[in-house]
Structures are given as C-alpha cells and as structure tokens.
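A.B. asks: Please read through the structure below; I'll follow up with questions.
In my numbering, the protein residues as written are 89 to 393.
In structure tokens, the structure reads:
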C-alpha cells in the first residue's frame with residue numbers, strides 16, 4: 089500500500105491524549121487512522137463517527153501493527169503504559185513501545201510525535217524508565233520526530249476511583265505541596281501542539297517539549313473550581329505516611345515533588361510556540377467547569393435504598 093500524504097496513525101485513540109489528538113487532526117482535515125482493540129466499543133464508534141478510520145490492533149500482539157501502519161506517513165504515539173499496584177512496569181512498556189517504533193520504521197513512516205511524561209527539575213527518572221527507552225528508539229529510527237512531555241492534565245479533576253486526584257465529597261486529595269505552584273496542562277493543548285508538529289515536521293524535528301499551560305497552588309485551583317461550579321471544593325495534601333500507604337511509586341513521587349520543586353516545564357516558552365495555550369481559568373470557562381459541575385451535581389442526587 090502506498091503512503092497517503094496526510095494519513096496519521098493515532099495509538100491510544102480511545103484514551104485521553106489520543107482521543108484529543110484524533111479530533112484535533114480531523115478538525116485540521118488530516119486523514120486519521122485510530123488504533124483500537126475493539127472497533128465496536130462506544131469510544132471507537134465515536135471516533136469513526138467523527139471521521140476516523142479504525143484499525144484493529146494491540147500492542148501485546150505486535151503482528152497486528154504492520155497492517156495498522158500500512159500507508160501511514162505519520163504516527164502519534166501514546167505510551168503503551170503498563171501500570172499496576174507496584175507502579176510502572178517499565179520493561180513491558182518499553183517492549184510495547186519498541187515494537188511500535190520498529191513497525192513504524194519498517195512501514196516507512198516519515199514522522200513520529202510521541203507523548204510521554206514530564207520530568208522534574210534535576211530528575212529524569214519519574215515514570216520515565218520505559219518511556220526514555222522508547223524516546224531513544226524514536227530518535228534513532230531515522231524518522232523526523234518530536235517528543236512531548238506533558239505535566240498533570242487539568243482533566244484529572246474529572247477522575248473517579250483513584251487513590252489520589254479527582255474530587256470526592258468536595259475534597260481534592262493529592263500529593264502536591266499546598267503552598268507550591270502545581271503545573272497543569274489541558275488535553276486540548278497537547279493535541280494542538282501535536283497538530284503543530286505534524287503541520288511543520290521540519291520545524292519541530294528533534295525537539296523535546298516539556299508541556300504545561302498554567303501553574304497555581306492546589307488550594308487556588310480548588311477555589312477556582314468552587315467559584316466556577318458553585319460547589320465547595322477544598323484541597324487536602326497527603327502527608328508522607330499516607331503517600332507511602334499507597335505504594336512505593338506514590339511515595340517516591342511525593343518525595344520528588346518536594347526535593348526538586350516540581351516539573352521543569354517552561355510555560356512562557358510553550359506559549360511562544362502555542363499562543364492559544366489555556367490557563368486553568370480558560371479551561372474551566374471552556375469545558376472544565378461544566379464537566380466538574382455535572383459530576384458534583386450527580387454526587388448530590390440521593391441514591392435509592
């Protein structure tokens with residue numbers, strides 16, 4: 089199959105970053121093929137309705153990847169993460185990612201945009217063991233490439249069922265020091281910056297971009313949510329013993345946040361690349377407040393006994 093000039097294969101397409109990137113690229117009139125495990129799942133069907141071609145594949149079945157990549161000239165790769173009670177399974181994540189990069193190289197893909205994870209000031213180890221191996225393979229693949237490293241998503245306030253993050257009973261529990269700025273990024277901005285890289289591969293070739301859109305203390309973010317939704321929200325900072333009770337990986341992150349001063353992302357530098365970069369207030373106004381309010385409204389609906 090000969091390459092199609094505008095065809096981008098998006099992995100993780102039914103997830104947060106992949107879904108946002110798919111919709112952004114479709115809005116730019118790029119041809120998008122979404123890698124999905126179940127084409128009949130609602131999230132996959134939603135992408136198809138938006139105009140994406142679906143390709144069935146699985147990172148744990150690498151023989152499915154060549155067909156998904158056939159004819160694509162570009163790849164948006166979301167880390168094939170493996171995360172369990174003990175933290176990241178870096179070896180499995182790396183194996184999955186390396187297989188994808190090798191398949192892309194063999195398929196003649198000309199550009200890869202990879203989105204990984206932000207690094208802390210003076211520390212490159214947090215959650216990055218598998219991702220760094222994937223980044224190294226991409227850099228050595230001979231393709232034009234851009235590496236994105238986003239900080240915490242603003243959309244994480246919508247999470248449910250996690251030991252930290254989200255808003256439960258009016259409380260946002262997390263590891264962040266209450267008196268230090270917390271860097272955040274909107275998913276739409278990650279997608280926008282990926283789209284910029286796909287539109288101008290030469291300009292963005294070889295760049296590693298640490299992505300953040302705003303920095304505010306967790307209590308300030310909770311106050312902004314309170315004002316925007318009408319629901320009282322407060323921040324609860326977990327202490328070290330509470331973090332340790334959630335596992336070694338969580339405890340390590342708790343210590344890194346305090347020893348490094350947080351993520352190294354340079355917000356003004358990213359704003360120069362993407363002048364429309366959203367602040368937290370902008371995100372709340374556009375979509376965030378309505379989504380959070382809907383969740384908090386539903387929390388107040390009595391359940392039948």
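A virtual CB, placed ideally from N, CA and C, is assigned to each residue, including glycine. Bear in mind that the values here come from a model prediction, so they are computed numbers and not experimental data.
#1: Hey, out of 153, 332, 375, whose CA is closest to residue 251's CA?
#2: Taking C-alpha atoms, which residue in 369, 386, 362 lies nearest to residue 311?
#3: State buried or exposed for residue 397, treating a residue as buried only when at least 16 other CB atoms are found within 10 Å of its CB.
#4: Is the Cβ-Cβ distance between residue 193 and residue 145 less than 8 Å?
#5: Would residue 248 be called buried (16 or more neighbouring beta carbons within 10 Å of its own) or exposed?
#6: For residue 302, is the classification buried or exposed, using 16 other Cβ atoms within 10 angstroms of its Cβ as the cut-off for buried?
#7: Among the residues of its own chain, which have a CB less than 7 Å from the CB of residue 253, if the five just before and after it don't count?
#8: Which word fits residue 89, buried or exposed, when buried means at least 16 other C-beta atoms lie within 10 angstroms of its C-beta?
#9: Any chance you could list the alpha helix (DSSP H) runs of at least 4 consecutive residues sitting entirely within the segment 339 to 374, in chain order?
#10: Determine the direct distance from the alpha carbon of residue 222 to that of residue 118, and round the result to whole angstroms.
#11: Residue 207: buried (16+ other C-beta within 10 angstroms of its C-beta) or exposed?
#12: Please work out which residues of its chain come closer than 8 Å, Cβ to Cβ, to residue 361, disregarding the five sequence neighbours upstream and downstream, and give them in chain order.
#13: Less than 8 Å separating the beta-carbons of residue 155 and residue 239?
#14: Can you tell me where the alpha helix (DSSP H) holding residue 302 begins and where it ends?
#15: Could you compute how far the alpha carbon of residue 128 sits from the alpha carbon of residue 139?
#16: In chain order, what are the residue ranges of uninterrupted beta strand (DSSP E) at least 3 long that sit wholly in the segment 182 to 222?
#17: Round the Cβ separation of residue 97 and residue 123 to the nearest angstrom and send it over; I've been treating them as touching at under 8 Å.
#18: In whole angstroms, give me the CA-to-CA distance for residue 181 and residue 187.
#19: Have a look at residue 380 and residue 242 and give me their C-alpha separation to the nearest angstrom.
#20: Tell me whether residue 180 sits in a helix, a strand or coil according to DSSP, three-state version.
#21: Which ranges would you report for the alpha helix (DSSP H) in the segment 250 to 327 if only whole runs of at least 4 residues count?
#22: Closer than 7 Å by C-beta to residue 323: which residues in its own chain qualify, once you throw out the five before and the five after it? Chain order, please.
#23: Sort out for me which residues DSSP pairs residue 164 with in a bridge.
#24: Compare the Cα-Cα distances from residue 388 to each of 126, 288, 258, 200 and report the closest residue.
#25: Take the Cβ of residue 277 as the centre, count every other Cβ of all protein chains shown within 10 Å, and call the residue buried at 16 or more, exposed below.
#26: What do you get for residue 162, buried or exposed, if any count of 16 or more other CB atoms within 10 angstroms of its CB means buried?
#27: Taking DSSP as the reference, what is the three-state secondary structure of residue 232?
#28: Spatial neighbours of residue 136 within its chain, please: C-beta separation below 7 Å, excluding the five flanking residues on both sides.
#29: Pop quiz: residue 219 and residue 205 are said to be a contact at Cβ under 8 Å. What is the actual Cβ separation, rounded to whole angstroms?
C.D. replies: With the structure as the only source:
#1: Locating residue 251 in the chain shown gives position 163, counting from the first residue. The residue with the shortest Cα to Cα distance from residue 251 is 332.
#2: Counted from its first residue, the chain shown places residue 311 at position 223. Comparing Cα-Cα distances from residue 311 to each of 369, 386, 362, the minimum goes to 369.
#3: In the structure as shown, the chain starts at 89 and stops at 393, and residue 397 therefore has no counterpart that could be examined.
#4: The residue labelled residue 193 in the question sits at position 105 within the chain shown. The residue labelled residue 145 in the question sits at position 57 within the chain shown. Contact flag unset, no.
#5: Reading the chain shown from its first residue, position 160 is the one you call residue 248. With fewer than 16 other Cβ atoms within 10 Å, it is exposed.
#6: For the purposes of this step, residue 302 is identified with residue 214 of the chain shown, where counting begins at 1. Answer is buried; the Cβ neighbour count reaches 16.
#7: For the purposes of this step, residue 253 is identified with residue 165 of the chain shown, where counting begins at 1. By the criterion of a C-beta distance shorter than 7 Å, residue 253 is surrounded in its chain by 244, 247, 262, once the five residues flanking it on both sides are discounted.
#8: Working through the chain shown from its first residue, we reach residue 89 at position 1. Per-residue confidence for residue 89 stands at a pLDDT of 39, beneath the threshold of 50, marking its modelled position as unreliable; the derived number appears in the next sentence. Per the 10 Å Cβ criterion, exposed.
#9: 355 to 361, 368 to 371
#10: Counted from its first residue, the chain shown places residue 118 at position 30. Counted from its first residue, the chain shown places residue 222 at position 134. Approximately 25 Å, taken between the alpha carbons.
#11: Start at 1 with the first residue of the chain shown, and residue 207 comes out as number 119. So residue 207 ends up on the buried side.
#12: Taking the first residue of the chain shown as 1, we reach residue 361 at position 273. Excluding positions up to five away in sequence, the list reads 281, 284, 297.
#13: Taking the chain shown and counting its residues from 1, one reaches residue 155 at position 67. Taking the chain shown and counting its residues from 1, one reaches residue 239 at position 151. Cβ distance not < 8 Å, so residue 155 and residue 239 don't count as in contact.
#14: Taking the chain shown and counting its residues from 1, one reaches residue 302 at position 214. Premise fails: residue 302 lies in the beta strand (DSSP E), 302 to 304, not in any alpha helix (DSSP H).
#15: Counted from its first residue, the chain shown places residue 128 at position 40. Counted from its first residue, the chain shown places residue 139 at position 51. Cα to Cα, residue 128 sits roughly 15 Å from residue 139.
#16: 199 to 203
#17: Start at 1 with the first residue of the chain shown, and residue 97 comes out as number 9. Start at 1 with the first residue of the chain shown, and residue 123 comes out as number 35. Indeed they touch by this definition, with Cβ atoms about 6 Å apart.
#18: Here residue 181 corresponds to residue number 93 of the chain shown, with the count starting at 1. Here residue 187 corresponds to residue number 99 of the chain shown, with the count starting at 1. Going by the C-alpha atoms only, they are around 10 Å apart.
#19: The residue you call residue 380 lines up with position 292 of the chain shown. The residue you call residue 242 lines up with position 154 of the chain shown. Their backbone Cα atoms lie some 11 Å apart in a straight line.
#20: In the chain shown, residue 180 corresponds to position 92, counting from 1. In this structure, residue 180 counts as helix in the three-state DSSP scheme.
#21: 275 to 287, 289 to 292, 306 to 317
#22: Here residue 323 corresponds to residue number 235 of the chain shown, with the count starting at 1. These residues qualify, in order along the chain: 260, 266, 306, 307, 310.
#23: Working through the chain shown from its first residue, we reach residue 164 at position 76. Answer by DSSP bridge pairing, in chain order: 98, 201.
#24: Stepping through the chain shown from its first residue, residue 388 is reached at position 300. Looking at the Cα atoms, 258 is the closest of the given residues.
#25: If you number the chain shown from 1, residue 277 lands on position 189. Burial of residue 277 is indicated by the presence of at least 16 other C-beta atoms within 10 angstroms of its C-beta.
#26: Counted from its first residue, the chain shown places residue 162 at position 74. Residue 162 comes out buried.
#27: As a working mapping, residue 232 is identified with position 144 in the chain shown. In the structure shown, residue 232 sits in a strand (DSSP, three-state: E or B).
#28: Along the chain shown, one-based indexing puts residue 136 at 48. Here the set comprises 142.
#29: Here the question's residue 219 lines up with position 131 in the chain shown. Here the question's residue 205 lines up with position 117 in the chain shown. Contact holds; Cβ gap of about 6 Å.
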